[in-house]
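Undergrad:
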Amino acid sequence: MGSVALFMAVGIVFGAGGILTSFLIHPRSKNRFKLETYECGLPTQGASWVQFKTQYFTYALMFVIFDVEVIYLYPWAVSFENLGFAGLIKMFIFIFILVLGLWYAWKEGALEWR
Numbered sequence: 000m001g002s003v004a005l006f007m008a009v010g011i012v013f014g015a016g017g018i019l020t021s022f023l024i025h026p027r028s029k030n031r032f033k034l035e036t037y038e039c040g041l042p043t044q045g046a047s048w049v050q051f052k053t054q055y056f057t058y059a060l061m062f063v064i065f066d067v068e069v070i071y072l073y074p075w076a077v078s079f080e081n082l083g084f085a086g087l088i089k090m091f092i093f094i095f096i097l098v099l100g101l102w103y104a105w106k107e108g109a110l111e112w113r
């Protein structure tokens, strides 16, 4: 119990120390130009609010999902001989769930560029 309290105390000290240091060394000048919105160094013209297609985020999310799949496949492939038949079945279930998610995204049109 004592080591847990020590780790918590060190964590709190590091967190508070970072916040305190940031507060002590931040710039204090009130420069009005630092608060202005800019685009490539030029003043904005027209409306600054631009809507982005959510499809970019959908593609990024799909990439992350299948990239994480690779993270789980590598350790499984390294220890394949030790896992046996049960490990093979579990990996097939894992891949089946991912393929099911890909099929659903494809069915809903998330992979079509509109």
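For the sequence shown, position 88 (counting from the first letter as 1) is numbered 87 according to numbering that gives the first Met the number 0, and the numbering increases by one without interruption.
C-beta atoms are modelled at their ideal positions from N, C-alpha and C, and glycine is treated no differently.
With Pro26 as the anchor, note down where its alpha helix (DSSP H) starts and where it stops.
TA: That residue, Pro26, is in no alpha helix (DSSP H); it is neither H nor E in DSSP.
Undergrad: Does Phe51 come out as helix, strand or coil in the three-state DSSP assignment?
TA: coil
Undergrad: Is Met90 near Leu72, with beta carbons less than 9 angstroms apart?
TA: Yes, these two residues count as a Cβ contact at 9 angstroms.
Undergrad: Reducing DSSP to helix, strand and coil, say where Ala114 ends up.
TA: For the chain, the structure presents residues 0 to 113; residue 114 sits outside this window and is missing.
Undergrad: Enumerate in chain order the residues of its own chain whose CB-to-CB distance from Ile88 is below 6 angstroms, with the five nearest sequence positions on each side excluded.
TA: So no residue of the chain qualifies.
Undergrad: Helix, strand or coil, according to DSSP, for Glu80 in the structure here?
TA: helix
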